[in-house]
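Read the structure below first, then the notes.
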Amino acid sequence: MPRPFVAALAAALCMLPAIARADAPPMGVQRAGNVTIVRQTDPAALLVGVEYVVPAGLDRQTLTQSGLSALTAESILRTPVAGVPLADAIAAKGGSVHWNVEANDVRFYVESLPEDAPAVTALFLSAVAKPDFSAATVDAARASVDRKFAARQQAALQVGLDMLAREASPSANSGSPELGSPASLAQLSANDAAAFYARNYRRDGSVVSAAGRVDALPAGWGESFANALPPGSGKAIFVHLPALEGSSRQFVTHRDIGAPWLIAQYPAPPIDSKDFGAMLVLSAFIQRTLLDVSGMPSVVSATIGSRAIGSIYSFDGQPPRLTLFVNGEIGNPTQAFETALQLVNVLSQTRLHGSIDQFKAAAAGDFAGDADRLESRASLGGLFAGEGASPDFLNRTLAAIAATTPDDVRRVAKKYLNDPAIALVLPRDNS
Amino acid sequence: MIARALAAAATLAVAAVLACAPAVAAQESGALPQGGSYVSAPDPTLGTASVGLWYRAPSDGYGSVSQPGLMRIAATAASSSKLVSGRSLSETVRDLGGRLYIEVFPDIVGVHAVVPAASARRVAAAMTAAYFAPSIDADALKNAQRDAAVLSVEQRYSPDETLHDLLFAQIFSGRPASVSPVPAGVPAITAIQLDAVTAFAKRAFRSSNALLVLTGNVDSSVLSGVTDGTGPGAMDQPVNSTLAGSPAPLTTATGAVTGLGLAWTGPPISDERSATALDFISDYLFRDDTGIVSRALESDDATFVDGQFVTLHDAGVMFVTISGKNTDAARKIVDAELTKMQTPLDAERFNAAREAFLYHLAGQTETPLEQGENLGWYSAEGNAAYAPFSSSGAYVQAARSLDPEFVASVARRYLSRPIVVQLGTVKPPKGSTS
Numbered sequence: 000m001p002r003p004f005v006a007a008l009a010a011a012l013c014m015l016p017a018i019a020r021a022d023a024p025p026m027g028v029q030r031a032g033n034v035t036i037v038r039q040t041d042p043a044a045l046l047v048g049v050e051y052v053v054p055a056g057l058d059r060q061t062l063t064q065s066g067l068s069a070l071t072a073e074s075i076l077r078t079p080v081a082g083v084p085l086a087d088a089i090a091a092k093g094g095s096v097h098w099n100v101e102a103n104d105v106r107f108y109v110e111s112l113p114e115d116a117p118a119v120t121a122l123f124l125s126a127v128a129k130p131d132f133s134a135a136t137v138d139a140a141r142a143s144v145d146r147k148f149a150a151r152q153q154a155a156l157q158v159g160l161d162m163l164a165r166e167a168s169p170s171a172n173s174g175s176p177e178l179g180s181p182a183s184l185a186q187l188s189a190n191d192a193a194a195f196y197a198r199n200y201r202r203d204g205s206v207v208s209a210a211g212r213v214d215a216l217p218a219g220w221g222e223s224f225a226n227a228l229p230p231g232s233g234k235a236i237f238v239h240l241p242a243l244e245g246s247s248r249q250f251v252t253h254r255d256i257g258a259p260w261l262i263a264q265y266p267a268p269p270i271d272s273k274d275f276g277a278m279l280v281l282s283a284f285i286q287r288t289l290l291d292v293s294g295m296p297s298v299v300s301a302t303i304g305s306r307a308i309g310s311i312y313s314f315d316g317q318p319p320r321l322t323l324f325v326n327g328e329i330g331n332p333t334q335a336f337e338t339a340l341q342l343v344n345v346l347s348q349t350r351l352h353g354s355i356d357q358f359k360a361a362a363a364g365d366f367a368g369d370a371d372r373l374e375s376r377a378s379l380g381g382l383f384a385g386e387g388a389s390p391d392f393l394n395r396t397l398a399a400i401a402a403t404t405p406d407d408v409r410r411v412a413k414k415y416l417n418d419p420a421i422a423l424v425l426p427r428d429n430s
Numbered sequence: 000m001i002a003r004a005l006a007a008a009a010t011l012a013v014a015a016v017l018a019c020a021p022a023v024a025a026q027e028s029g030a031l032p033q034g035g036s037y038v039s040a041p042d043p044t045l046g047t048a049s050v051g052l053w054y055r056a057p058s059d060g061y062g063s064v065s066q067p068g069l070m071r072i073a074a075t076a077a078s079s080s081k082l083v084s085g086r087s088l089s090e091t092v093r094d095l096g097g098r099l100y101i102e103v104f105p106d107i108v109g110v111h112a113v114v115p116a117a118s119a120r121r122v123a124a125a126m127t128a129a130y131f132a133p134s135i136d137a138d139a140l141k142n143a144q145r146d147a148a149v150l151s152v153e154q155r156y157s158p159d160e161t162l163h164d165l166l167f168a169q170i171f172s173g174r175p176a177s178v179s180p181v182p183a184g185v186p187a188i189t190a191i192q193l194d195a196v197t198a199f200a201k202r203a204f205r206s207s208n209a210l211l212v213l214t215g216n217v218d219s220s221v222l223s224g225v226t227d228g229t230g231p232g233a234m235d236q237p238v239n240s241t242l243a244g245s246p247a248p249l250t251t252a253t254g255a256v257t258g259l260g261l262a263w264t265g266p267p268i269s270d271e272r273s274a275t276a277l278d279f280i281s282d283y284l285f286r287d288d289t290g291i292v293s294r295a296l297e298s299d300d301a302t303f304v305d306g307q308f309v310t311l312h313d314a315g316v317m318f319v320t321i322s323g324k325n326t327d328a329a330r331k332i333v334d335a336e337l338t339k340m341q342t343p344l345d346a347e348r349f350n351a352a353r354e355a356f357l358y359h360l361a362g363q364t365e366t367p368l369e370q371g372e373n374l375g376w377y378s379a380e381g382n383a384a385y386a387p388f389s390s391s392g393a394y395v396q397a398a399r400s401l402d403p404e405f406v407a408s409v410a411r412r413y414l415s416r417p418i419v420v421q422l423g424t425v426k427p428p429k430g431s432t433s
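Residue numbers (numbering that gives the first Met the number 0), protein chains in the order written: chain X, 0 to 430; chain D, 0 to 433.
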C-alpha cells in the first residue's frame, strides 16, 4: 500500500474526531433500568465530578415536614464512615460532597482529584446506600442545616426568591423553603428522616451525570450509582392551598440589610420548549438594557453596579422562572425597578427593531460562561439528557439562541412577561 | 504482502485515531510575531475562551514622583480607547457576549476577556491592538477615571482590601508595594493627567513586556489574530519593593469600616517549597468552610476571617484579615492555631490536609479565567514553571514533598511575629504608632 494513501487515510480518520471534538466533547447517555447515566469526558480537567439526582425533593414532604428533605440529605453527609462523617472522610481523601434540595429532587455532587475518585465514590455510595439516622447524626445534621438557614437569611436576593417560590409553585410543599426553618427542623426527629429516606430514596427516576476526568472513575461507576438505592420509586405529595385573595401580588419582608432589594418574577419556559432560546435572548436583553439605563456602564464587567441589577432565567427550576432584581445600593432603586417593569411591558407590545445579534451574543456568552465549572457541566448534562435527549447542552443551547428572531423575542415576551409577582426585601428600622 | 500491508495501514490508521482521540492538549509557549510571548493551555470541551495579557510594571508609575493608581487608570483607558474598528476593546468584548476583567497589583497587571470560544481570535486581535499600540484620548481617560472612582468607593467599604493596602504599606517601605494600586478618592483620580497615562501605557504595555495567556477553548488560529507589536525585546525584570527595616508591630488607622489585619513577610517565589508550605497553611487554617479557623467560627455568622499567602517575586506576604463583630475572639483563635502550626501535625492529619490542599488547588484553576490568571500571575512574578496550573507539575511536586516537620519549620521561621494593623475608630493603645 503506497504510503501517501496511508497518510491520507490516517488524516481522514483524524478529521472525524477532530470535528466531533470541536463541536461536542466526548459524551454519552445510557440507561440502566429507570436510571439515566450521563458522561462528559474532559481529558484536560484536573478533577472529576458526579452529580447524583434522586427524586426526593420538596414535593416528597408535607408542609409540616418543611426541611425534611434537607435534613435527610445532610444526615447522609454526616453518616460516620471509617469513624468520621462522610463529608470529612471525603475531604481527607482529596474531594468534596454537598447537596442541594430542589422542588422535585435532591442533588448530591461529589468531586475529587482523578487519582482519588475510586475511594471517594466508594465512600459516598456506602453512605448513601446505608445512611446513619441515629439521634446523634441527625442532631448534627439539624445543627448544620440551621447554620445554612442562617447564612441564607443574610442574602436578601435569596430571601426574596424564597418568598416568590411558594407563590409560583403548583403544589404548596414544592415551593416551601428548601431548608425549612429552625422551628420546623426542631420538630423533625431521627425517625422522620429515616422514614423519608425509606420512602423516597429509590433508584427509579434518578440521574447520574459525570463530568471531567470520567476515565478516572472506577469501572462500572454508572451501574454502581444506578444500583446504590433499592428499586422502585417514591411518590410526590400534592398540597393544595387556596390562592391568596386580593389584587396585589407583592410580598414584603424585612432583614438586617443596608438597602432595599426589589425583585419581580415571571413564568418562563423549560429547556425543551421552543421558547427556550428566545427567553435566553430576552433575559440578556433585559440585563444589558437595565445596566445601561441605570447609568451603570463600565469598562470592566464585574463591578458593584453589574452585581446590583439584573435578570436570572432559572430554566432548571420547577417551575422555570425569569427574575428581575434591583439592589438599592445603586442610586435610585425605585426608578431602576420601574424602568425594568416598563421595559418588560414594552417588549411584549413592540417588535425589536434592528439587529438582535448583540443580545444573542450576550445570551450565548452568559450561558457558556456559566457552564465552565464541572459541577455546572454535570448538572446541565443531566438536565438536558432528560428523556433520552442529547446531553450536549452547549450546542443545543447555542443553536436555540442562533435561531432566535426579533419576532420570537416579542412573542415570548408577550406570552410570559405578564403580571409579575413582586418581592420587596427591606432594611429593618434599626439597620 | 497485501494482507500485511493492509494490516500495517490499519495499524497506522488506528494509531492516528488514537492520537487524535480526546487527549490533554499540551500547554504551549513561545514568542509573538511582533514582540512579547505567549502561553496557551487549550481545553476544546469548553464553550468559552479566556484571552489575557500580563505585564510587569510599577502601579504608581516609573517616575520619581509616585502617582497612585496610574497603572489602573492606564490599563482601563487602553481598553476604553477606540480601535480601528470604531469600537473599543471593552465594547468589542461586550458586543461579542464576553466579560472584561482588569486586575492591578503593585507590581503587575493582568487584563482578561472571557468570551464565547468562536470569538477568541477577534478578541485577541482587539486586545493586542488596544495594548500594544495604545491610543488613549480624553474620553478614554474619563471612562477610566469614572471606573476608578467606583472601584475606590468599593475598596473603601471592603475591610479585606483596605487592610491589605495598609499592611503592605507597613511591610514595604519602598514603592510600588507601599502604595495602593487603586487611587484613593476623586482628587487622586483627577490628578492623573492624559500625558502621564499615555507615556506610562506606551512603556508598560509594549509588546515586548507582554505575556499573552490563552486558556479554555482556544487553538492556534487565535494567535494569528495578533498582528500588532512594538518589536522584539526583553520583558522587564520583576518589580521588587524595598522591605521596611523595622516596621511598627502595631499600627492603627481609621477608615469607613473596621477590622484587624495581620501580616508576615514570607519567602520569595524562587523558594518554591517554603512558598508552597505557606499556601498549605493558609488552606489548612483559613479556607472557607473547611479551614480550622473557619470551622471554629462557623457558628458566628457576624465575624469574618480570611487568610492567604500572596506569592510575590521577592518577598511574599502572608495575610490574615479579621472583620465583623467579634474580632478580639477571632484573633485569639487565629493566634492559637498559628502557634499550633509551629509543632508538626500528626502524620494522619497532615496527609489528609495535604490531599485536601491538592484538591482545593485543582478547584481553583477550573475555569478559563482562573487558569489564565494563574499562569499570568506566576509568569509575571518571575516563575512561570511554578504556576499551579502549569503543565510542568512543579507546584504539585512541591506540595507532595511537604511533610509535617518542614511545614512546622516554615511556620516557626515566617509566622512568629506579625505586623498588625487595627482599622477603625478605636482609640490607639498606648505605645502604638498611628
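Built from N, CA and C at the ideal position, the CB exists for glycine as well. Computed from a prediction, not measured in an experiment: that's the story for all the values here.
| Asked | Found |
| --- | --- |
| With 8 Å as the C-beta to C-beta threshold (strictly closer), list the residues of the stretch 93-119 of chain X near chain D in chain order. | 93, 94, 95, 110, 111, 112 and 115 |
| Between the C-alpha atoms of residue 78 (chain D) and residue 26 (chain X), what's the straight-line distance to the nearest angstrom? | 38 Å |
| Between the stretch 90-109 of chain D and chain X, which residues of the former have a C-beta closer than 7 Å to a C-beta of the latter? | 94, 95, 96, 97, 98, 99, 100 and 101 |
| Using the three-state DSSP reduction, which class does residue 145 (chain X) fall into: helix, strand or coil? | helix |
| Span of the alpha helix (DSSP H) holding residue 305 (chain D)? | Where residue 305 (chain D) is concerned, there is no enclosing alpha helix (DSSP H), although the beta strand (DSSP E) it sits in stretches over 302-309. |
| Taking any Cβ of chain D, which residues in the stretch 124-157 of chain X have a Cβ under 8 Å from it, in chain order? | 146, 149, 150 and 153 |
| According to DSSP, simplified to helix, strand and coil, what is residue 39 (chain D)? | strand |
| By DSSP, does residue 249 (chain D) sit in helix, in strand, or in coil? | strand |
| I'd like the list of long-range same chain contacts for residue 276 (chain D), defined as Cβ closer than 7 Å, with 5 residues on each side in sequence excluded. | 401, 405, 406 and 409 |
| Among X:231, X:347, X:71 and X:100, which has the Cα closest to the Cα of residue 285 (chain X)? | X:347 |
| Is there a Cβ from chain D that is less than 8 Å from the Cβ of residue 21 (chain X)? | Summary for residue 21 (chain X): the model assigns pLDDT 37, below 50, so the residue's position carries little reliability; its value from the coordinates is reported in the next sentence. So yes, residue 21 (chain X) belongs to the interface. |
| I need the boundaries of the beta strand (DSSP E) containing residue 418 (chain D), first residue and last residue. | 418-422 |
| Tell me the rounded alpha-carbon separation between residue 119 (chain D) and residue 376 (chain X). | 21 Å |
| Within the chosen definition, does the stretch 173-180 of chain D reach the stretch 202-212 of chain D through at least 3 CB pairs nearer than 8 Å? | no |
| Terminal residues of the continuous beta strand (DSSP E) containing residue 299 (chain X)? | Run containing residue 299 (chain X): none; DSSP gives neither H nor E here. |
| How should residue 218 (chain X) be labelled, buried or exposed, when 16 other C-beta atoms within 10 angstroms of its C-beta is the threshold for buried? | exposed |
| Beta-carbon of residue 371 (chain X) versus every beta-carbon of chain D: anything under 8 Å? | yes |
| Of all the alpha helix (DSSP H) runs that stay within the bounds of the stretch 203-268 of chain D, which reach a length of 4 or more residues? | 219-222 |
| Mind checking the stretch 273-289 of chain D against chain X and listing, in chain order, the residues whose C-beta falls within less than 8 Å of any C-beta there? | 289 |
| Where residue 137 (chain X) and residue 408 (chain X) are concerned, what is the direct C-alpha to C-alpha distance, given to the nearest angstrom? | 49 Å |
| How would you list, in chain order, the residues of chain X whose beta-carbon sits under 9 Å from the beta-carbon of residue 366 (chain D)? | 368, 371 and 372 |
| Run through the stretch 376-415 of chain D for me and flag every whole alpha helix (DSSP H) of 4 or more residues, listed as ranges in chain order. | 393-399 and 403-413 |
| In the structure shown, what three-state DSSP assignment does residue 253 (chain X) receive? | strand |
| Excluding five sequence neighbours on each side, which residues of the same chain lie with their C-beta closer than 7 Å to the C-beta of residue 411 (chain X)? | 274, 277, 278 and 281 |
| How is the beta strand (DSSP E) around residue 39 (chain X) delimited, first residue to last? | 34-40 |
| Please name the residues in the stretch 138-163 of chain D whose beta-carbon is closer than 7 Å to at least one beta-carbon of chain X, in chain order. | 142, 143, 146, 149 and 153 |
| Can you grab the Cα-Cα spacing for the pair residue 22 (chain X) / residue 51 (chain D), in whole Å? | Here the model assigns residue 22 (chain X) a pLDDT of 41, short of 50, so the residue's position is not dependable and the matter cannot be decided. |
| Give the residues of chain D in contact with residue 41 (chain X), contact being defined as C-beta atoms less than 7 Å apart. | 42 and 44 |
| Which one of X:316, X:265 and X:351 has the shortest CA to CA distance from residue 288 (chain X)? | X:351 |
| Beta-carbon of residue 298 (chain X) versus every beta-carbon of chain D: anything under 8 Å? | yes |
| Check the Cβ-Cβ distances between residue 383 (chain D) and every residue of chain X, and say whether any is below 8 Å. | no |
| Report the residue from D:239, D:163 and D:298 whose alpha carbon sits nearest the alpha carbon of residue 305 (chain D). | D:163 |
| At 8 Å on the CB atoms, spell out the chain D contacts of residue 423 (chain X), in chain order. | Going along chain D, no residue has its Cβ under 8 Å from residue 423 (chain X), so there is no contact; the nearest lies around 23 Å. |
| Mind checking whether residue 40 (chain X) and residue 213 (chain X) have CB atoms under 8 Å apart? | yes |
| Mind listing the chain X neighbours of residue 78 (chain D)? Cutoff is C-beta to C-beta under 7 Å, in chain order. | 298 |
| Go to residue 160 (chain D), then tell me how far its beta strand (DSSP E) extends in each direction, as first and last residue. | Not the beta strand (DSSP E): residue 160 (chain D) falls in the alpha helix (DSSP H), residues 158-170. |
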